[in-house]
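Asker:
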Amino acid sequence: MNQPDFQTLLPRRQFIAQGAAATLGGLLLSHGLLDETQAATPPVSGGLQWHNWSGVQRATPAALPTPANEAELQALMASAKGEIRAFGSGHSFTALVPTTGSIVSLDRLSGIVSVDKQAMTATIHGGTRLGVLSRALDAQGLALRNLPDVDVQTIAGAISTGTHGTGIDLPALHADIVGMRIVTPGGKVVELHESKDRELMAAARVSLGSFGVISQVTMRVLPAYNLHRKVWLRPIEDLLKQAPQLAQQHRCFEMYYLPFTGYGAAISHDLYTGTDLMLPKPSDDAVMADLRTLRDWLGRFPQLRQWAAQKFIDPNMTDEARHRAYRLLSSVRPMKFNESEWHVPREQGIACLRQIIAAIEKHNEAFFPIEFRFIKGDEAWLSPFHGRDSCSIAVHAAADEPYEYLIKDCAPIYRAHQGRPHWGKLHEMGFKELSAMYPRWADFQRVRQQFDPQGRMLNAHLRKLFVQA
Amino acid sequence: MTPIKHALLSLSWLPMLLLAACQDAPPPPPGDQDVTRAESLRPADAQLAAKYERACLSCHGVRSAAPLTGFAPAWKPRLAQGADVLLSHAREGFNGMPAKGLCSDCTDDDLRGLIAFMSGPAQ
């Protein structure tokens, strides 16, 4: 998603904050566009504190250790009292991490352990961020097959939540894992490899951190490659019709609907072998702020808002970049938000998206683009893409604004289309609903209990998901 | 300028009119050379460099909304807020930046050192 540039927008924002805050803020509140009672959860006070990136999840753990290596992690796991949860970058919006026990940071378990250029695999410390990993691999002439649109997540966190990019023939990151080392709650290291532990690997690829802490992974890599990015705007009706074909034509295709504009932005990435490389432009970072400004000024009048947007949108404008894949596929998010994302069978993607657009546009406060991507199916037992090629549909709200409608209004639509929620993004599903979505659910729970018989890797959120009431 | 920005920037004429009289011009965005240079910069201290590389570089060493390492125009207005404010932002998180800037084991001294490195003059 294209994001606003705070540098270029700072003056305008300062003005709004300093000069017109009382008037504009009061106006929005009085019109019901913002509900000050639904602001982000206030910080907790006293003791150790943890919160996720958006601030929607918070905790006061008894311990917040940052082990320097696997041996320290083992000792920690063996000696820790009570619940243990690990976190990478805190980019999950669901309550995967909060506990009053120990929250383990993977920050220092970072870097490439080794590379096997014959097998085309790399062994990586679990706390390595995807951006760090991409640069380190590139230095050795290698790259990941695909990347999500944010690259600050750690590899352990990313695979454990089914994190994915886009591409009709490209599966989520966890599908490229061929081996892993997991430190169990008892401090034991379990080493798995797909060549000898096929079932256990199918369980462990996406485990929500419930088996222990992933200290290392070995994953398939490709020779480093360049991509050619194209961005263009079209009326959303055109894109809804063209999207399935565009997904077939491009290595990576995704699109975003800009609420209350009638327009969508299409983004494609294809392999590029030319030498005339071109870094992405200084960015279209102002888009988010402009969409927000449009909402702030005309949110009460949705038809006028759409008219104004269409008046100024030039559908002939395009954008391009040609460079290393990791420089194009991921970006940094400057505006914090909360998000809900579900994955539906590919053949139901467009129909579901149409209904999600209609649901979101019942809320005049909405301004974040609705994200639509394609993901190839895989066989991991708790992969949201288990056994089926999928489309993902993501809805967002600014972190300082209400987000509950994203869950309440959209979940029934997703579920009607056989959707499965992203494990790291806001949803309210529990054991009953989830167990019906995954054919290998019971097998997963059996393996999980082998790794963690006492359930020490489960916090309240995971007990709601994994333990039958 | 990308199509979306081009299209929607036009809508900002109203607040921009009001701004014209009371705001300084925004700093110029970094050029490709600035970005390429930032990617190669590291703190001289090895331990600080390791922390920078696994945490800060993801956002400050690439073209993003975060102020680019070694790009003075982006840091000038931030530095004007004072070292304590910058430390507080780094420690607590600010705008898109997570608390401690993705460096769980960074001390306040580490954060001060990293801010000084990123905001410093041409290294």
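If you read the protein sequences in the order shown, they are chains X and D.
Under our numbering, the first sequence has 353 at position 353, and the numbering climbs by one with no breaks.
Under our numbering, the second sequence has 496 at position 27, and the numbering climbs by one with no breaks.
Heads up, the beta-carbon is just placed ideally off N, CA and C, and yes, glycines get one too.
Among residues of its own chain, excluding the 5 on either side of residue 463 (chain X), which ones have a beta-carbon nearer than 8 Å to its beta-carbon?
Answerer: Closer than 8 Å at the Cβ level, and outside the excluded window around residue 463 (chain X), lie 455.
Asker: For the beta strand (DSSP E) that residue 263 (chain X) lies in, which residues bound it at each end?
Answerer: Note, residue 263 (chain X): beta strand (DSSP E), 263 to 272.
Asker: For residue 427 (chain X), which of helix, strand or coil comes out of DSSP?
Answerer: Here residue 427 (chain X) sits in coil by DSSP.
Asker: With three or more C-beta pairs closer than 8 Å as the rule, is the segment 258 to 275 of chain X touching the segment 359 to 375 of chain X?
Answerer: The segment 359 to 375 of chain X, when compared against the segment 258 to 275 of chain X, does touch it at the 8 Å Cβ threshold.
Asker: How is the beta strand (DSSP E) around residue 53 (chain X) delimited, first residue to last?
Answerer: Residue 53 (chain X) -> no beta strand (DSSP E), and no H or E assigned at all.
Asker: Give the interface partners of residue 51 (chain X) over in chain D, defined as CB-CB distance under 7 Å, in chain order.
Answerer: Under the 7 Å cutoff, chain D gives 568.
Asker: Given residue 183 (chain X), which residues of its chain have a CB within under 6 Å of its CB, disregarding the five upstream and five downstream residues?
Answerer: So the list reads 73, 74, 77, 189, 212, 213 and 215, once near-sequence residues are dropped.
Asker: Which bits of chain X does residue 501 (chain D) rub up against, with CB to CB less than 7 Å?
Answerer: Result: 279.
Asker: Just the C-alpha distance for residue 499 (chain D) and residue 113 (chain X), rounded to the nearest angstrom, thanks.
Answerer: Computed Cα separation, rounded: 34 Å.
Asker: Which same chain residues end up closer than 6 Å to residue 403 (chain X) when comparing Cβ atoms and leaving out the 5 residues on each side of it in sequence?
Answerer: Around residue 403 (chain X): 338 and 397.
Asker: In whole angstroms, what is the alpha-carbon distance linking residue 273 (chain X) and residue 320 (chain X)?
Answerer: Cα-Cα distance, rounded: 15 Å.
Asker: In chain order, what residues of the same chain have a beta carbon less than 8 Å from the beta carbon of residue 484 (chain D), not counting five sequence neighbours either side?
Answerer: For residue 484 (chain D), the predicted structure reports a pLDDT of 38, less than 50, and the residue's modelled location is therefore unreliable. A value from the coordinates is still provided. Excluding sequence neighbours, residue 484 (chain D) sits near nothing in its chain.
Asker: To the nearest angstrom, how far is it from the Cα of residue 377 (chain X) to the Cα of residue 253 (chain X)?
Answerer: Cα to Cα, the separation comes out at about 16 Å.
Asker: Assess, as a yes-or-no matter, whether the segment 353 to 363 of chain X is touched by the segment 324 to 339 of chain X under the definition of 3 or more beta carbon pairs within less than 8 Å.
Answerer: They do not touch, by the three-pair rule.
Asker: Pick helix, strand or coil for residue 278 (chain X), following the three-state DSSP scheme.
Answerer: DSSP places residue 278 (chain X) in strand when its eight states are reduced to three.
Asker: Check residue 347 (chain X) in the structure and name its three-state DSSP category.
Answerer: It is helical.
Asker: Should residue 569 (chain D) go down as buried or exposed, given a rule of 16 or more other Cβ atoms within 10 Å for buried?
Answerer: Under this definition residue 569 (chain D) is a buried residue.
Asker: To the nearest angstrom, report how far apart residue 393 (chain X) and residue 503 (chain D) are at their CA atoms.
Answerer: Going by the C-alpha atoms only, they are around 36 Å apart.
Asker: For residue 152 (chain X) and residue 529 (chain D), what's the separation of their Cα atoms in angstroms?
Answerer: Rounded to the nearest angstrom, the two C-alpha atoms are 12 Å apart.
Asker: In the segment 541 to 561 of chain D, which residues sit with their C-beta less than 8 Å from some C-beta in chain X, listed in chain order?
Answerer: Hits within the stretch, in order: 543 and 546.
Asker: Going by DSSP, what residues sit across from residue 371 (chain X) in a beta bridge?
Answerer: The partner list for residue 371 (chain X) (beta bridge, DSSP) reads X:256 and X:394.
Asker: Looking at residue 380 (chain X) and residue 202 (chain X), is the spacing between their C-beta atoms short of 7 Å?
Answerer: Yes, Cβ-Cβ distance for residue 202 (chain X) and residue 380 (chain X) is below 7 Å.
Asker: In chain order, what residues of the segment 107 to 129 of chain X put their CB closer than 9 Å to some CB of chain D?
Answerer: The residues in question are 107, 108, 110, 111, 127, 128 and 129.
Asker: Beta-carbon within less than 7 Å of residue 298 (chain X)'s beta-carbon, same chain only, minus the 5 sequence neighbours each way: which residues are those?
Answerer: Closer than 7 Å at Cβ, skipping near neighbours: 304, 305 and 308.
Asker: Of the residues X:64, X:205 and X:122, which one's Cα is nearest the Cα of residue 386 (chain X)?
Answerer: Of the candidates X:64, X:205 and X:122, the one whose C-alpha sits nearest the C-alpha of residue 386 (chain X) is X:205.
Asker: Which whole-angstrom value describes the C-beta separation of residue 161 (chain X) and residue 148 (chain X), a residue pair presumed to lie in contact below a C-beta threshold of 8 Å?
Answerer: With 8 Å as the limit, residue 161 (chain X) and residue 148 (chain X) do not qualify as a contact, their Cβ atoms being about 10 Å apart.
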